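Last residue of the sequence shown: number 888 in UniProt numbering, and the count goes up by one each step with no gaps. Yeah, the Cβ is synthetic: ideal placement off N, Cα and C, and Gly gets one too. None of these values were measured; they are calculated from a predicted model.
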Amino acid sequence: GKNEGKGQYRFFDPALSNTLNTRARLKQHMLEAIERDQFTLYYQPRVDARSGELLSMEALIRWRHPELGIVSPGDFIPLAETTGLIVRIGEVVIDKACAQLAAWREAGVALVPVSINVSPKQFQRGGVQRQLSRALSRWRVPANLIEVEITESAMMGDHDDILAELAALRALGVKLHVDDFGTGYSSLSQLQRLKMDVLKVDRAFTMELGNSKEGKVFFQAIVSMAHALGMSVVAEGVETEEQLAILRKLDCNEVQGYYIARPVPAGEMLEMMQRRYLL
Ligand code: C2E
Ligand code: CA
Ligand code: CA
Ligand code: CA
Numbered sequence: 610g611k612n613e614g615k616g617q618y619r620f621f622d623p624a625l626s627n628t629l630n631t632r633a634r635l636k637q638h639m640l641e642a643i644e645r646d647q648f649t650l651y652y653q654p655r656v657d658a659r660s661g662e663l664l665s666m667e668a669l670i671r672w673r674h675p676e677l678g679i680v681s682p683g684d685f686i687p688l689a690e691t692t693g694l695i696v697r698i699g700e701v702v703i704d705k706a707c708a709q710l711a712a713w714r715e716a717g718v719a720l721v722p723v724s725i726n727v728s729p730k731q732f733q734r735g736g737v738q739r740q741l742s743r744a745l746s747r748w749r750v751p752a753n754l755i756e757v758e759i760t761e762s763a764m765m766g767d768h769d770d771i772l773a774e775l776a777a778l779r780a781l782g783v784k785l786h787v788d789d790f791g792t793g794y795s796s797l798s799q800l801q802r803l804k805m806d807v808l809k810v811d812r813a814f815t816m817e818l819g820n821s822k823e824g825k826v827f828f829q830a831i832v833s834m835a836h837a838l839g840m841s842v843v844a845e846g847v848e849t850e851e852q853l854a855i856l857r858k859l860d861c862n863e864v865q866g867y868y869i870a871r872p873v874p875a876g877e878m879l880e881m882m883q884r885r886y887l888l
């Protein structure tokens, strides 16, 4: 009819009002989860592609829900982003990562850097650098033990707020990773200008490695350009021995994925830190 799309009947649509209701409830649950300390971090190792030595790790958030069990970030991060709750959840992540580094230090193990995922929304709201400085001094952790992952797509265009936060983090001594590289349209020279340290090539390209000549050629081109520009390359989502063998030939620096280890709770990560060589 004439009025379709104008939106005045929207709230009488039962499916939509259901959705709104669910979203509002999920948001409320997330707020409670912060207060009840239900968020936790899992850790996934990144190793030297040749030697298998543990070089760093990624912190990945999980929600320990009393009824639902472990909830994956894919099920709540998108809503956390649209509601702005990601700023508070992000602060929890920063604090927990620093607290965990301090706990591992107490356990007497050799520390390696932990990278955390930061959403564009957190940069837009500002304060990431301030939250991080506070957590680093609270837990007496040096800044070079925390690294920040930001997706390639979040860096596209000239978002002044994001650029300013990246510069502030860099000034703090934090290394910057380009996450999901290959899925956006940034140029490598742009990334170099932003002084990004590490390119994390998206899992989709790792999956292609064993399947096609083109897959290898693409990866090879990324590695040589990144190296020429002084950036290091991590392959994400390495699941097979064959992929690892190809990545070694292509001179990829570091690998991360189920073939090496799944993301695990801090206690299991401690064992891997003690073992140190994971391949
Ligand atoms: P991401 O940053 O690209 O993280 C990699 C995802 O791939 C993780 O899923 C990891 O468990 C999974 N993965 C690792 N190795 C393999 C593999 O060999 N095969 C396959 N199939 N998957 C692998 P996860 O933990 O479910 O996280 C999903 C996404 O949620 C992350 O993607 C990231 O975008 C977001 N996320 C996770 N933790 C945080 C956080 O603390 N803050 C924010 N803002 N986002 C987060
Ligand atoms: Ca990531
Ligand atoms: Ca990624
Ligand atoms: Ca991703």
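- Residues close to ligand 2 by the beta carbon criterion (under 6 Å to any non-hydrogen atom) are, from first to last along the chain, Glu667, Asn726, Glu758 and Asp788.
- DSSP, read as helix, strand or coil, puts Thr815 in helix.
- If you draw a straight line from the Cα of Leu754 to the Cα of Gly866, it is about 21 Å long.
- Taking the Cα of Met878 as reference, the smallest distance to any Cα among Asp811, Asn630 and Ala716 is reached at Ala716.
- The nearest non-hydrogen atom of ligand 3 is less than 7 Å from the C-beta of Glu845.
- Taking the Cβ of Arg812 as the reference point, at least one heavy atom of ligand 1 falls within a distance shorter than 7 Å.
- Secondary structure note for Phe685: it is in no beta strand (DSSP E), with a DSSP letter that is neither H nor E.
- According to the DSSP secondary-structure assignment, Ser795 is paired through a beta bridge with no residue.
- A Cβ-Cβ distance of about 6 Å is found for the pair Glu845 and Thr815, placing them in contact under the 8 Å criterion.
- Comparing alpha-carbon positions, the option among Gly699, Arg632 and His768 lying closest to Leu688 turns out to be Arg632.
- When DSSP reads this structure, Trp672 sits in a beta bridge with Phe648 and Val680.
- Rounded to whole angstroms, the gap between the alpha carbons of Gly735 and Glu774 is 7 Å.
- In the DSSP assignment, Ala844 is bridged to Val810 and Val864.
- Within the same chain, and ignoring the five residues on either side of Ser841 in sequence, the residues whose Cβ sits closer than 8 Å to its Cβ are Asp806, Val807, Leu808, Ala835, Asn862 and Glu863.
- Between Phe685 and Ser821, the alpha-carbon positions lie close to 35 Å from each other.
- Put simply, of Tyr868, Glu880 and Glu700 the residue whose alpha carbon is nearest the alpha carbon of Ile643 is Glu700.
- Your pair Ile725 and Ala706 checks out as a contact, with CB atoms roughly 5 Å apart and the cut at 8 Å.
- Distance from the CA of Val843 to the CA of Ala624, rounded to the nearest whole angstrom, comes to 43 Å.
- For the options Leu797, Arg743 and Pro675, the alpha carbon positioned closest to that of Glu641 is the one of Pro675.
- With contacts defined as CB atoms closer than 8 Å, Val737 and Gln731 qualify as a contacting pair.
- Scanning the stretch 728-768 from its first residue to its last, the whole alpha helix (DSSP H) runs of 4-plus residues come out as 729-734, 737-747 and 761-764.
- Between Leu650 and Val702, the beta carbon gap of about 7 Å places them in contact (Cβ cut-off 8 Å).
- According to DSSP, residue pairing for His786 in a beta bridge involves Glu758 and Val807.
- By DSSP's assignment, Arg655 forms a beta bridge with Ser665.
- In the DSSP assignment, Ser833 falls within the unbroken alpha helix (DSSP H) covering Lys822 to Ala837.
- With a cut-off of 7 Å, the C-beta of Lys809 is classified as near ligand 3, since at least one heavy atom of the ligand falls inside that distance.
- A heavy atom of ligand 1 is found nearer than 7 Å to the CB of Ile695.
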